[in-house]
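Here's the structure, in structure tokens; my notes come after.
Number of protein chains: 2
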Amino acid sequence: MTISSPYSMLSVEDALDITLEQTRLPGAVRRPLSKVRGAILAADIAAKEPLPPFPASTMDGYAVVAADGTGDYPMVGEVSAGALADFSVQPGTVAYITTGAPLPGGADAVVMIEETEKLQQGNGVPTIRINQNVAPGTNVRPIGVDVEAGQTVLAAGERLDPAEIGILATAGIVDVPVYPRPKVAVLSTGDELVDPAQKPGPGQIRDSNRAMLLAAIRAAGGDPIDLGISGDTQEALERRVRQGLAEADILLTSGGVSMGDLDLVKPLLEHAGTVHYGRVRMKPGKPVTFATADLEEGRRLVFGLPGNPVSSLVTFYLFVVPALRKMAGWPDPALRVVQARLAQPLPLDAYRPEYHRATLSWDGRRHCFLAASTGIQASSRLLSMRTANALLALPQREGVMAAGETVDALLIGEL
Amino acid sequence: MTISSPYSMLSVEDALDITLEQTRLPGAVRRPLSKVRGAILAADIAAKEPLPPFPASTMDGYAVVAADGTGDYPMVGEVSAGALADFSVQPGTVAYITTGAPLPGGADAVVMIEETEKLQQGNGVPTIRINQNVAPGTNVRPIGVDVEAGQTVLAAGERLDPAEIGILATAGIVDVPVYPRPKVAVLSTGDELVDPAQKPGPGQIRDSNRAMLLAAIRAAGGDPIDLGISGDTQEALERRVRQGLAEADILLTSGGVSMGDLDLVKPLLEHAGTVHYGRVRMKPGKPVTFATADLEEGRRLVFGLPGNPVSSLVTFYLFVVPALRKMAGWPDPALRVVQARLAQPLPLDAYRPEYHRATLSWDGRRHCFLAASTGIQASSRLLSMRTANALLALPQREGVMAAGETVDALLIGEL
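Have a look at this one:
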């Protein structure tokens, strides 16, 4: 897609397409098993050995020859998990066996201990009473029943959650091929900002966006880098932006992308690389800016996020999260969308699609999602993001959506 | 609830009730803002100052006296974000102002820059043409419009996600009262187990459960401690269990809770504390065991999880996750439940409720969740947890649930 001017107004969909087109998948790396939770697998994983690697008992009990049936039999040995038996079970004999232990040669089934009795011992060899007839194979997991040798147990592109990590451990993969966690740097800009630990002076406010974005980066699977606050001078900004581009795959600036002549971020990005868009038809978040810079170390993505905290976080979810996910190897990096019923009527905007912050809950009676607005949607009112786990994609048009109407909801948090 | 014997068979609901009744909420701690993502707030947070703390411009433009209306006015000064103006705006004059800057005294509205023109300057004082009539208050955020001084901005019991962290930063709370992350230790038991990095010898298998449970603890918001693998001797086990109780709030053992006489975990737990249950009517996971030990350092929870990897992870989600969440301060620690339509028919178990592993996806056409089974549900087959994000709570009864029927789904992963 080519656009005539980076500052013509794009739709959210076009802006997202451009963002993802410009995002490059990095090379795969190897990471230890204990560090890959949430990462995307970069190669198929095949099992080297079958599982179980031997016929294994699923019960504590007695290994038997199934054809023997019920009766009293001498116990010729014991086999517990972790070792092979040094004896075999002949017809007319049994052996004690524990869960997970390899079935001794000759035996073809296991009778669970609850269906047996241990009788008095004659000269050291106990006699076992078997009270149940079993078919061959009963209570035995044959070789390879869970995993065959050579079977692909995980595929490239899968996300490594706890079960997949267990599967890697089973396959003996402790050095795991994954896409690296993207490094994302955050720089707050604005002479009015002070660190949250400081008391603001006259005309100042605390910088809420940086702590918020650093947390959001972590939640999205990125590796955050804190570049602090930069005052509104070209030199201060340039130094920090250069640092961000050197250290991170993605640089986020917060503030300084509106239309005034003290907004230095856009000119700086034009200087450092290519600005792909600088205005998007959306509410909130219109001034969001996206640029790329091709360094020797690779392509960097730069997002100039608006300074209003809500605009900053909404544009983070809509543009940065999909880019971060694509860079982390997600085959489908888009935010998940569900449909939800409005709990209350919502006014629409005639000029821009609105991303209304809402708390989705599941209605267990009607089997649908219910979306409750978080209240006044001013872009400076961060309380409108409190408890929000979804952005309702309200269409651009006049009027009101009625309570009970269905709307697309983009998931940004847990249910 | 009192039970006659810890080894009588409980329902999942009763076992969960007992687990949560025995779980104690720890004392609150203070943690730095950068470390509290996902934690539960332990106290209400009130704003000390209003936000904005001064009337603030929402635009780059000119601060005006609204009653002046359109016309050409001398510009008497400039005010940018971060400082108060050292002049005031008299009727018939205007001042340049940037987004977020404090409105100078005398002015009561802002005209956005797009609705103005800068005319040629006469002896150093520029003249500004104002092309728009505005009402008092236009493009100005009054003091306290987003947050009033003293307003409760976050309540005890809320989960700290990125927006809430931004709200804490705004309120200047950098030392945050939260409940601590529970420490959860994992011990694998069984002579047959080798570390995933090792090649199993005859009769041996790799230990998949420990890596899996450590990842699941982290995903659930706990702080994992790896106690390694213990062989099946009373001394080895006792030493590791004592270590786990000393270091962790919750101790998980994996394996060794079945009925055979080499299963040492249950007797050990009876010795160390109180066993509350040791058999639960569920498939998989029946032998799951729960005990508490009251040490000088506080109450410890101990879960003896079954050795089969699926049983281990399913009982982790059903019992350990709610306990961990309660200990972490969650007001509602239960797994989230949604209803889903079955994508295929599923056989039921006549003797036990079954927790069938499934992948939920959202059906954007029918506006409901669709549940696809992960295949053969053997408790040793960890591949049945691959990509599973839900446990379907299948009722205990004979027969089959048909495709298209609705079933409760417990969420265990992301959608």
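In the order they appear, the protein sequences are chains A and B. First residue of the first sequence? That's 21 in this note's numbering, and the numbers climb one at a time after it. First residue of the second sequence? That's 21 in this note's numbering, and the numbers climb one at a time after it. Glycine included, each C-beta is placed from N, C-alpha and C at the ideal position. Everything numeric in this text was worked out from a predicted model, so none of it was measured.
#1: On the three-pair Cβ rule with 8 Å, is the region 418 to 435 of chain B touching the region 344 to 364 of chain B?
#2: Specify the secondary structure class of B:G186 as computed by DSSP and reduced to three states.
#3: Can you round the beta-carbon distance between B:S274 and B:R230 to whole angstroms, since I take them to be within the 8 Å contact cut?
#4: From the DSSP output, in three-state form, read off B:I133 for me.
#5: Should A:P373 be labelled buried (16 or more other beta-carbon atoms within 10 Å of its own) or exposed?
#6: Could you tell me which chain B residues have their CB closer than 8 Å to the CB of A:V357, listed as they occur along the chain?
#7: Counting Cβ pairs, one atom from each stretch, are 3 or more of them under 8 Å apart for the region 363 to 377 of chain B and the region 402 to 412 of chain B?
#8: Give a yes or no on whether the minimum CB-CB distance between A:D243 and chain B is below 9 Å.
#9: Listing by chain order, which chain A residues have their CB less than 8 Å from the CB of B:D166?
#10: Tell me whether A:D64 is buried or exposed, calling it buried when 16 or more other Cβ atoms sit within 10 Å of its Cβ.
#11: B:G349 and B:Y199: beta carbons closer than 9 Å?
#12: Determine the contact status of B:A236 and A:P52, defining contact as a CB-CB distance below 9 Å.
#13: Please state whether DSSP places B:H291 in a helix, a strand or coil.
#14: Below 8 Å CB to CB, which residues in the same chain sit around B:D16 once its five sequence neighbours on both sides are set aside?
#15: Is it true that the CB of B:P222 sits closer than 9 Å to the CB of A:L104?
#16: Nearest to A:E267 by alpha carbon, out of A:L207, A:V295 and A:T43?
#17: What's the gap between the Cα of A:K68 and the Cα of A:I185?
#18: Could you check where the alpha helix (DSSP H) with B:D314 kicks off and where it finishes?
#19: Could you name the residues of the same chain whose beta carbon sits closer than 6 Å to that of A:P124, not counting the 5 residues immediately before and after it, in chain order?
#20: Can the beta-carbon of B:G126 be found less than 9 Å from the beta-carbon of B:V85?
#21: Closer than 9 Å, Cβ to any Cβ of chain B: which residues of the region 154 to 165 of chain A, in chain order?
#22: Counting pairs of Cβ atoms below 8 Å between the region 295 to 307 of chain A and the region 321 to 341 of chain A, do you hit three or more?
#23: Can you tell me which of A:G112, A:D166, A:N143 and A:L174 puts its alpha carbon nearest to the alpha carbon of A:I150?
#24: Along the chain, where does the alpha helix (DSSP H) containing B:M302 start, and where does it finish?
#25: Identify the residues that DSSP records as bridge partners of A:K219: which are they?
#26: Return the CA-CA distance between B:Y27 and B:G298, expressed in angstroms with no decimal places.
#27: Hey, how far is the Cα of B:D281 from the Cα of B:G210?
#28: Buried or exposed for A:V49, please, with buried defined as at least 16 other CB atoms from any protein chain shown within 10 angstroms of its CB.
#29: If you check the beta carbons only, do A:D215 and A:R201 fall under 9 Å apart?
#30: Three-state secondary structure (DSSP) at A:E258?
#31: Can you name, in chain order, every residue of its own chain whose Cβ lies under 6 Å from the Cβ of B:G164, other than the five neighbours on each side?
#32: So, under 8 Å CB-CB, B:L344 and B:A240 are touching, yes? Tell me the CB distance rounded to an integer number of Å.
#33: The alpha helix (DSSP H) with B:S331 in it runs from where to where?
#34: For A:L36 and chain B, any beta-carbon pair shorter than 9 Å?
#35: Could you tell me whether the Cβ of A:V369 comes closer than 9 Å to any Cβ of chain B?
#36: Please report how far the alpha carbon of A:G58 lies from the alpha carbon of B:P162, in whole angstroms.
From the atom records:
#1: yes
#2: helix
#3: Between B:S274 and B:R230 a beta carbon distance of about 7 Å is seen, short of the 8 Å cut, so the two are scored as contacting.
#4: Helix.
#5: buried
#6: W382 and G384
#7: Segments in contact, yes.
#8: no
#9: A398, S400, R401, L402 and L403
#10: By the neighbour-count rule (16 or more Cβ atoms within 10 Å), A:D64 is not buried but exposed.
#11: Against a cut-off of 9 Å, the Cβ pair of B:Y199 and B:G349 comes out as a contact.
#12: no
#13: Helix at B:H291.
#14: Nothing in the structure corresponds to residue 16 of chain B, since chain B is present only between 21 and 435.
#15: yes
#16: A:L207
#17: Rounded to the nearest angstrom, the two C-alpha atoms are 16 Å apart.
#18: No alpha helix (DSSP H) contains B:D314, which is instead part of the beta strand (DSSP E) from T309 to L315.
#19: Sequence-distant Cβ neighbours of A:P124 in its own chain, meaning closer than 6 Å and more than five residues away, are A83, V99, A105, S108, V109 and A115.
#20: For B:G126 and B:V85, yes; Cβs fall inside 9 Å.
#21: R161 and V165
#22: Touching, yes, given that three or more Cβ pairs across the two stretches are closer than 8 Å.
#23: A:G112
#24: Run containing B:M302: none; DSSP gives neither H nor E here.
#25: Answer is none; A:K219 lacks a bridge partner.
#26: 5 Å
#27: Its pLDDT being 48, under 50, B:D281 is placed unreliably in this model, and the value from its coordinates should be taken loosely. Straight-line Cα distance between these residues: approximately 13 Å.
#28: Counting of Cβ neighbours within 10 angstroms places A:V49 among the exposed residues, the total staying below 16.
#29: In this structure, A:R201 does not lie closer than 9 Å to A:D215 by Cβ.
#30: helix
#31: P70
#32: 5 Å
#33: P329 to T335
#34: no
#35: Position check: residue 369 of chain A holds Asp in this sequence, whereas Val was assumed. Chain B, which has no Cβ nearer than 9 Å to the Cβ of A:D369, makes this no.
#36: 44 Å
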